Amino acid sequence: MKNKNSLFLSKKELLKEAGCDDYNESAKRLFSKAFGISLAQSYKYQTYEGSNENASLFSEMVSLRAVGVPTSHIVCSRSFWQNDFCVDGSVLDPRPESELIIDVSKNLLFDGMKVLDLGCGSGCIGLSLYKENSNITLFLADFSKKALSLSKKNAEELKADCEFIHSDLFSNIHNKFDLIVSNLPYVAKDDFCYLQREIILHEPHEALYGGRYGLDIIKLFLDGVNRHLNKNGIFVIEFGKEQDFLLKEELLRSNFNKICFYKDLNNVNRVVCVKKDT
Ligand SMILES: C[S@@+](CC[C@H](N)C(=O)[O-])C[C@H]1O[C@@H](n2cnc3c(N)ncnc32)[C@H](O)[C@@H]1O
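Numbering-wise (our numbering), the sequence shown opens with residue 465 and increments by one.
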């Protein structure tokens, strides 16, 4: 067997040739999983003396990655905010831009606050807020039963005490909340075909597609959200690139006036925080 260093480099090269955009990061994550070392111990890529089983596992994982299976699905985990979340093909892979929702919301939390994460997927948003303040009362809702069961698994893993609601938007939600966070699907029809092949093949369409201009589901959310907010309640939602103008119109049409947009690391408006008027 080649030494680990050349095994690592040859597999990294294989991923590059297979057209894997994040070949370096993927090779490291797969190597660290197969050899049971932390990502931070990257010096071990050169020195680690693992068994042949570790090497075979690494090769199998690389083969899956080379045909487009997302790294997070191979290692069954994705980092988001301060924790790792179990993910699979039933949920959207948590994206770094969604961490902006946490950044905006975490300072709003107070003990006893009732918080809903609507369209929770893996539960990454609501559960990250819970880890910021475990004295909130958290509800996770999704219309996908598979997503809900994965979010339950993540909640157990993070020892989070929360309730789960199977609901199409607000149809099965009968409570009022102080804070509603949500990252609903917002990919517009014309943008869908430009998504990476990997995303189209391995992530659920119902977690992505937002209708002709991307705002169909968010508009339905806006129709119901006011009834589910307590006095002074707030909602914080993510939306797509260049949807801010249309979204602002929709917010004003729904009589929301206390609106604050936040930009992501690419200096693009990504998240809006809206306060109930009365
Ligand atoms: C963009 S994903 C976000 C998942 C997770 N919150 C995150 O940020 O990674 C959208 C989620 O909303 C859910 N969803 C889509 N339409 C819904 C609806 N009408 N009612 C409830 N959940 C919905 C999908 O199942 C999916 O889990």
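All residues carry an ideal CB built from backbone N, CA and C; glycine is no exception. As the structure is a prediction and not an experimental result, all values here were calculated from the model.
Inter-residue spacing [alpha-carbon to alpha-carbon] between residue i and residue j
i, j, result
"N651", "D708", "Note that residue 651 is Val in the sequence shown here, rather than Asn. Cα-Cα distance, rounded: 13 angstroms."
"L473", "A498", "15 angstroms"
"I600", "P668", "30 angstroms"
"H630", "L572", "26 angstroms"
"A504", "R542", "15 angstroms"
"N690", "V735", "18 angstroms"
"F603", "R493", "32 angstroms"
"R717", "K617", "39 angstroms"
"F495", "S470", "12 angstroms"
"L593", "G697", "16 angstroms"
"L715", "L686", "7 angstroms"
"V533", "L711", "34 angstroms"
"S586", "G483", "28 angstroms"
"L659", "S523", "28 angstroms"
"K739", "S598", "23 angstroms"
"G500", "L521", "11 angstroms"
"E517", "V551", "25 angstroms"
Residue i - DSSP class collapsed to helix/strand/coil
i, result
"E561", "helix"
"R691", "helix"
"L622", "coil"
"N516", "helix"
"K476", "helix"
"K640", "coil"
"D486", "coil"
"A611", "helix"
"S598", "coil"
"Y658", "coil"
"F522", "helix"
"L471", "helix"
"D708", "helix"
"S718", "coil"
"F574", "coil"
"E713", "helix"
"F634", "coil"
Close Cβ partners of residue i (< 6 angstroms) along its chain, the five nearest in sequence each way excluded
i, result
"C588", "F544, F549, P558"
"V700", "I565, V568, S569, V645, C737"
"H666", "P534, G553"
"K480", "Y487"
Cross-strand partners of residue i (DSSP beta bridge)
i, result
"I629", "A605"
"F549", "R542"
"N733", "K727"
"S646", "L582, I701"
"Y673", "V651"
"V738", "F699, I723"
Cβ shell of residue i (< 8 angstroms), same chain only, five flanking positions each side left out
i, result
"D741", "N719, F720, N721, K722"
"G704", "Y650, V651, A652, D655, G674, G678"
"H692", "L580, F634, I637, N639, K640, F641, I644"
"K595", "W545, Q546, N547, L622, A624"
"K610", "S554, V555"
"C584", "G590, L604, A605, D606, A611, L612, S615"
Nonlocal neighbours in the same chain, by C-beta distance under 7 angstroms from residue i, ignoring five residues either side
i, result
"K476", "Y487, N488, A491"
### Query
Taking one C-beta from the segment 643–657 and one from the segment 574–594 each time, how about it: are there three or more such pairs within less than 8 angstroms?
Touching, per the Cβ criterion.
### Task
Count the CB pairs spanning the segment 713–731 and the segment 558–575 that are closer than 8 angstroms, and state whether there are at least three.
Yes: the two stretches touch, three or more of their Cβ pairs being nearer than 8 angstroms.
### Query
Would you call the segment 513–529 and the segment 480–499 touching, i.e. three or more CB-CB distances under 8 angstroms?
Taking one beta carbon from each stretch, the segment 513–529 and the segment 480–499 have 3 or more pairs nearer than 8 angstroms; the two touch.
### Message
Check whether the segment 623–632 and the segment 555–565 touch, using three or more Cβ-Cβ pairs below 8 angstroms as the test.
### Response
By the Cβ rule, the segment 623–632 does not count as touching the segment 555–565, because fewer than three pairs are nearer than 8 angstroms.
### Query
Can you find at least 3 beta carbon pairs, one from the segment 538–557 and one from the segment 673–688, that sit closer than 8 angstroms?
With the cut-off at 8 angstroms, the segment 538–557 and the segment 673–688 do not touch.
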